[in-house]
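Every position in the sequence shown, counted from 1, becomes a number in this note's numbering once 1237 is added.
Note that beta-carbon positions come from the ideal geometry of N, C-alpha and C, so glycine has one too.
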Amino acid sequence: MAHSWHSIAWVTHSKGSPRTLIGGKLSRVRLSECLPTDVNPSPDVLLERFVQYAASKGFELYPTQEAAILALYADQHAIVQTPTGSGKSLIALALHFKSIAQGKRSFYTAPIKALVAEKFFALCDEFGAERVGFMTGDASINRDAPLICCTAEILAKIALHEWTHSSIDTVVIDEFHFYGDRERGVAWQIPLLVLKNAQFCLMSATLGDVSFFASDLHMRTGREVAVIESKERPVPLEFEYSEKPLLDVIYSLVEEGKAPIYVVQFTQKAACDLAQALTSCDFAKKEQKKVIREAIGYFKWDTPFSKELLRYLQHGVGVHHAGLLPKYRLLIEKLAQRGLLSVISGTDTLGVGINVPIRTVVFTQLHKFDGTKHHLLSVREFQQIAGRAGRKGFDEKGYVIVQAPEHVIENKVALLKAAGDPKKLRKIVFKHPPEKGYVHWDENVFRRLVNGQPERLESQFRITGGMLLEILSGAYRRGEKGCQAIRYLIRESHEPKKRKYAHARHAIQLFRSLWKAGIVEMPSKEKGSLLRVHEELQEDFSLHSALSLFIIEAAKRLHPWDATYPLDLLTIVEATLEDPWLILQRQLDKLREEKLAELKALGVPYEERIQEIEKIELPKPKLDFLMEEFEHFVRKHPWISQSDLKPKSIARDIFENGFSFNEYVKQYGLERSEGILLRYLSDAYKAIRQSVPRSMKTEGVLDLEAWLRNMVFSVDSSLLEEWDRLSRGDIGFLRDRITEAMPVDRSTDITEDPRAFVVMMRNASFRFVQRLAQRRYGDASRLVEWPNGCEVRPEEIEAAIAPYWEEYASIRTDAEARAPKHTRIEEVPGGYEVRVALLDEEGVTDWEVGFYVDKERARRAAQVVLELLGIGRAGKLGLS
């Protein structure tokens, strides 16, 4: 219920928390209570109400906040460049309040979903859930609300679709420095080009020179633009350049009470190696260890890396990088928020805004690899990460320490040990910088980064097929010509003239590709005079990458009745996914190790062995088919680069060999990169689900899709649970993630999806058959156990299969042999009985292998556990 301003008497609770006195009762102040009942409240009235609201909260406005809010209430745009922790959120809140009070529609955007979700719940608390909506690529909740929280890509998508007819009146773009991001920056530019009638508030700690944006916004919209800048931090930072060994620095910081410490590494391996080194010292006191044990005692430590991570945590040390499973990253963040971790060794993800409270940031180096080459950190990159030091409300000062190059530190230590002794000095062997992967930095570079102005943001505009579809479909619904909007977007972009011509040519090529692929329909007498997107495409069809069209075109050349069709379709999908280089390198290393051992056993000379292993390449199923089809595709779509296709086999490798997730991790030594594998499998699942039209999905493809989903879900339910639940409009679990003291590691029931569980049983059973075919009885024995839980010995399996080898020369393991028709699965009390037929070269035998799968045991273990019933002729299984 809304109350007029004068009916609210402001008081302060005895403990300092603000309350309103309404009807003689104390209640927490919410902005919804401050909304006026007037239809057209004046900006002065709204400003007065918001200022009093802030005062009731105990907020004393900084000069930059006052200036920004005054400008926004005067209907100006505001560009706010102030340090982390200087109250930019309150400025955004003021604009949202003004917009809702005036009956307008306001949008808040941020670069990552976690920040959007956090803001969504905070704004629900202030304005009431009925006034706030949430939109990401996975969900749309209360989408018609007057206040929407969304990712920047969603705002750009809405702007392209609704164009100048958009109902968006005010826009807060948080972390606006992402405008210069090479991959995503276009989403930050589009709203500025299209939403001419909107009022903008652009915010970041590291924008650099914003004169271009100020003049451009003024020119496009006619509104004045207020630029508010300050370097004054609520929690000042103290910077230091260190030439002491890293471990000594960390130990000293903890002793001096400057924890929690975030040590910035630039590779996942370096982050884990340091965490391992730090376990030599206990950073957690006895009472702290007890709290950590209680906090993580219920957590499922069921993946290969879990034991290593658990050891770190018990020493008060955390790790944080993209190679961790999402559930482990969230656990680290929650432990850090409770102050239970003294040191976190992580990558530069800290600069993206992860929710880890830090007092001290330690840089181990000042250069990074950008995927192409190593380069010194930019001023913006350095200041984004350094700015996370110092906790507002907790610390009087934050600390940023930059380590000198490691060889410089080692040389200095050696000189100190020599203490000027000529004999000792002569014996010193001075270290040199690494030959590869190194860019020199020193104290001068450090000072430049500390005191420098962030680099000017450069336009990253580009045209994609998805953008064209949004523009064309929106224009068609409005009865307008979409091509004019496309021309306008390119002409008005922040690009130099030469690049605009290139974008125009690219747009024409894209349009022709979409038309030839049947995605876009040309005007006709029957269908009208306007371009349109083909209406028969499924609702969740997505041009999620430049090669989504290739999936469709190449899949048309496959034969759905072939036994290999589902896996061949998966191979096409995998070729369009980004290469997870670490996994591919481990695959190649494994193949070379096995080949080297084989050649060595055969007595092949060393030089010849090396020559042979250099010839080994990664497995690339259907390579000739893929290259032929892609060559044809590129001729039709010349804007596609030949290097865009990336043939590989990861998901297919797991499926064909019947690996579980944990088995695959161990097979290739991916313990410290489990998150990379899981994310790749998740991307493969989403691509099959969204980019493969329903008309191409046979029962086998649906089985494969269900299997992929089940595998990802069984490892870390949070990754797909978020996607699935958001797609159904359920956002409650995100609130739990934000508000819970600790994350809930929900148990995953892999038997819940019958189709997926049947595929898992078939795969696990066939893996045993593969080992029989290879006569690898030791490996086969490790895949099964007796129904009584006893170990199955290799010699028992060898004896059972011996009569088969007397009669037949081989066991087939090709696609036909693993076809579902050769595996019978029957539900029996407590579980399933699985019987797999053994086929010889002619495809006929009367032999089979039988297993029992206990359903409850599979549920508890989150994987199929095979109990061997026997090997023998059909109906006469036995092991003798």
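- Cβ neighbours of Lys-1737 within its own chain (closer than 7 Å, five residues either side excluded): Ile-1727, Arg-1728, Ser-1730.
- Counting along the chain, Gln-1746 sits inside the alpha helix (DSSP H) bounded by residues 1734-1753.
- If you draw a 10 Å sphere on the C-beta of Cys-1438, you find 16 or more other C-beta atoms in it, and that means buried.
- Within the same chain, Cβ atoms closer than 7 Å to the Cβ of Leu-1795 are found at Tyr-1802, Asp-1805, Leu-1806, the five residues on either side in sequence being excluded.
- In the three-state reduction of the DSSP assignment, Ile-1887 falls in the coil class.
- Taking a C-beta distance under 8 Å as the contact criterion, Tyr-2014 and Glu-2035 qualify as a contact pair.
- Distance between Tyr-1675 and Tyr-1535, taken at the CA atoms: about 43 Å.
- In the DSSP secondary-structure assignment, Val-1317 is bridged to Met-1440, Ile-1465.
- Annotated as proximal: Pro-1383 and Ser-1343, with beta-carbon spacing under 8 Å.
- Around His-1740, the same chain offers Phe-1698, Arg-1699, Ile-1700, Ile-1727, Ser-1730, Glu-1732 as residues with beta carbons nearer than 8 Å, after the five sequence neighbours per side are excluded.
- Looking at the DSSP output, Lys-1605 sits in a beta bridge with His-1612.
- Following the DSSP letters along the chain, one finds Ser-1928 inside the alpha helix (DSSP H) bounded by residues 1911-1928.
- Counting every other CB atom within 10 Å of its CB across the protein chains shown gives Ala-2039 a total below 16, marking it as exposed.
- As the crow flies, the alpha-carbon of Gln-1339 is around 47 Å from that of Thr-1813.
- The beta carbon of Gln-2011 lies closer than 6 Å to none in the same chain, with the five residues before and after it left out.
- The beta carbon of Ala-1993 is closer than 6 Å to those of Ala-1943, Trp-1944, Asn-1947 in its chain, skipping five residues each way along the sequence.
- Counting along the chain, Gln-1640 sits inside no alpha helix (DSSP H); it lies in the beta strand (DSSP E) bounded by residues 1635-1640.
- Counted as a single uninterrupted DSSP element, the alpha helix (DSSP H) harbouring Glu-1285 occupies residues 1280-1293.
- DSSP places Thr-1813 within a helical segment (H, G or I) once states are collapsed to three.
- Under the 8 Å Cβ criterion, the segment 1545-1555 counts as touching the segment 1579-1586, having at least three qualifying pairs.
- The C-alpha of Gly-1627 is placed about 8 Å away from the C-alpha of Glu-1633.
- In summary, Ser-1452 is exposed, with fewer than 16 beta-carbon neighbours lying within 10 Å of its beta-carbon over all protein chains present.
- Contact between Ser-1403 and Ala-1396 holds, since their C-beta atoms are separated by about 6 Å, short of 8 Å.
- Less than 8 Å divides the Cβ of Leu-1562 from the Cβ of Val-1952.
- For Ala-1559, the closest alpha carbon among the candidates Pro-2024, Gln-2007, Ser-1910 is that of Ser-1910.
- Nearest to Val-1528 by C-alpha distance, out of Leu-2075, Lys-1571, Ile-1853, is Lys-1571.
- Between Ile-1465 and Thr-1597, the gap from beta carbon to beta carbon reaches 8 Å or more.
- Listed as beta-bridge partners of Met-1372 by DSSP are Ser-1377, Cys-1387.
- Two segments are said to touch when three or more pairs of C-beta atoms, one from each, lie closer than 8 Å; by this definition the segment 1457-1472 does not touch the segment 1608-1623.
- Classified as exposed, Trp-1538 has fewer than 16 neighbouring CB atoms from the shown chains inside 10 Å of its CB.
- When secondary structure is reduced to three states using DSSP, Asp-1585 falls in the helix class.
- For secondary structure counted as the alpha helix (DSSP H) over 4 or more consecutive residues, the segment 1993-2077 holds these complete runs in sequence order: 2014-2018, 2031-2044.
- Beta-bridge pairing by DSSP links His-1557 to Gly-1583.
- Excluding the 5 residues flanking it on each side, Phe-1520 has same chain C-beta neighbours closer than 7 Å at Val-1491, His-1552, Gly-1553, Val-1554, Ser-1579, Val-1580, in chain order.
- Bridge pairing for Asp-1406: absent [DSSP].
- Leu-1907 sits close to Leu-1914, with the two beta carbons spaced by under 8 Å.
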